[in-house]
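Visitor: Residue numbers (the UniProt record's numbering): 1 to 288.
Here it is, the structure in full.
Here it is in structure tokens:
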């Protein structure tokens, strides 16, 4: 039986940056910039929508300025509560990546998952935190401590993997074992060191684990850091590892795709990767 899903990804450039307003004004401007895309997704009947990594701010990690700690907020909190209203309005699942403040001095790179009726289902905290080549994230984020949850939404079982996580196949496998049908990877990645991996790793995760993925990247050059060009190219990939829809490299865009979740069963019935796993031989993977 077909299970058709319509999903959307939003990739945008900065509307306001450091030196052009307060941190709260920057956050407000980014939310304001997303709203027309959220509403367009709702008008087009998108059922599951995902934003880019820490979508309310610049990607401030090329610097190490503690003032950006001020941009963190509780989850649930003001941004997730606002998105709960849009979820209810459009009967749409929304994945909301934000900078989370659990308590003073304890900050995470997080994505909240909101169901189509506006219910807050829970959150994923980015597990793998880079500290290299201008991505000085350990200054800003504590490693995630919630494992690899999968959320039963109205339309599908959804997992989240954030940016640098995608370089690690282990968590991608756990998401599959936990039942994910669609995994979303909100990112902030620039041309250079890893661009060639952008359309290599995530199709490999999708094929190895037999699920769909929605992969989001922001666009443009963000001042004053000038880390490089965020090259967009958000895309959806199916359980065969085939990219089924792709966005531009340099435009603000809502990418929408329709796909059939029944393909998961078809693919897994052909490639019995979960059946043929040998976890008793993988002890090396969990050695410290």
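Virtual Cβ for every residue (Gly too), placed ideally from N, Cα, C.
#1: Between the beta-carbon of residue 93 and the beta-carbon of residue 65, is there less than 8 Å?
#2: Identify whether residue 280 lies in helix, strand or coil by the three-state DSSP scheme.
#3: In the DSSP assignment, what residue or residues form a beta bridge with residue 110?
#4: Mark residue 145 as exposed unless 16 or more other C-beta atoms lie within 10 angstroms of its C-beta, in which case mark it buried.
#5: Since residue 156 and residue 137 should fall inside the 8 Å C-beta cutoff, what is the C-beta to C-beta distance between them, to a whole number of angstroms?
#6: DSSP three-state label for residue 287, please.
#7: Pick helix, strand or coil for residue 309, following the three-state DSSP scheme.
#8: Where does residue 26 land, buried or exposed, given buried means 16+ other C-beta within 10 angstroms?
#9: My parser needs the alpha helix (DSSP H) runs of 4 or more residues fully inside the stretch 111–199; what are they?
#10: Give a yes or no on contact between the stretch 76–88 and the stretch 117–125, applying the rule of three or more CB pairs nearer than 8 Å.
#11: Who does residue 261 pair with in a DSSP beta bridge?
#12: Which first and last residues belong to the alpha helix (DSSP H) in which residue 37 is found?
#13: Could you give the residue range of the alpha helix (DSSP H) that holds residue 209?
#14: Provide the residue span of the beta strand (DSSP E) that contains residue 231, from first to last.
#15: For residue 70, count the other beta carbons within 10 Å of its own beta carbon; 16 or more makes it buried, fewer makes it exposed. Which is it?
#16: Pick out whichever of 50, 173, 248, 63 has its Cα sitting closest to the Cα of residue 278.
#17: What's the gap between the Cα of residue 76 and the Cα of residue 20?
#18: Using 10 angstroms around the beta-carbon of residue 212, count the other beta-carbons present and answer buried if the total reaches 16, otherwise exposed.
#19: Exposed or buried, residue 67, counting other C-beta atoms within 10 Å across all chains shown (16 or more means buried)?
#20: From 1, 166, 140, pick the residue whose C-alpha is nearest to that of residue 204; which is it?
#21: Please return the same chain residues whose Cβ sits closer than 7 Å to the Cβ of residue 161, not counting the five positions on each side in sequence.
#22: Enumerate in chain order the residues of its own chain whose CB-to-CB distance from residue 42 is below 8 Å, with the five nearest sequence positions on each side excluded.
#23: Have a look at residue 56 and residue 119 and give me their C-alpha separation to the nearest angstrom.
#24: According to DSSP, is residue 103 helix, strand or coil?
#25: Short check: CB of residue 48 to CB of residue 153, under 8 Å?
#26: Identify whether residue 83 lies in helix, strand or coil by the three-state DSSP scheme.
Guide: The answer reads as follows:
#1: For residue 93 and residue 65, no; Cβs fall outside 8 Å.
#2: In the structure shown, residue 280 falls within a helical segment according to DSSP collapsed to helix, strand and coil.
#3: Answer is 98, 125, bridged to residue 110.
#4: Result: exposed.
#5: About 29 Å separates the beta carbons of residue 156 and residue 137, which is beyond the 8 Å limit, so they are not a contact pair.
#6: The answer is coil: DSSP assigns residue 287 none of H, G, I, E or B.
#7: Because residue 309 is not part of the residues shown, which for the chain are 1 to 288, the question remains open.
#8: Buried: at least 16 other Cβ atoms inside 10 Å.
#9: Counting whole runs of 4 or more residues, the stretch 111–199 contains the alpha helix (DSSP H) stretches 169–177, 195–198.
#10: Short answer: they touch.
#11: For residue 261, DSSP assigns no beta-bridge partner whatsoever.
#12: Residue 37 -> alpha helix (DSSP H) spans 23–43.
#13: Where residue 209 is concerned, the enclosing alpha helix (DSSP H) stretches over 201–209.
#14: Where residue 231 is concerned, the enclosing beta strand (DSSP E) stretches over 229–231.
#15: Here residue 70 is exposed, its C-beta having fewer than 16 other C-beta atoms within 10 Å.
#16: Of the candidates 50, 173, 248, 63, 173 places its Cα closest to the Cα of residue 278.
#17: A direct Cα-to-Cα measurement between residue 76 and residue 20 gives close to 28 Å.
#18: Label assigned to residue 212: buried.
#19: By the C-beta density criterion, residue 67 is exposed, having fewer than 16 other C-beta atoms within 10 angstroms.
#20: Cα-wise, what sits closest to residue 204 is 166.
#21: Only 171, 172, 175, 183, 185 meet the Cβ criterion.
#22: Here residue 42 has 86, 89, 90, 92 as same chain residues with Cβ atoms under 8 Å from its own Cβ, once five neighbours each way along the sequence are excluded.
#23: Residue 56 and residue 119: Cα-Cα distance of roughly 21 Å.
#24: Three-state result, residue 103: strand.
#25: Yes, these two residues count as a Cβ contact at 8 Å.
#26: If DSSP states are grouped into helix, strand and coil, residue 83 belongs with the helices.
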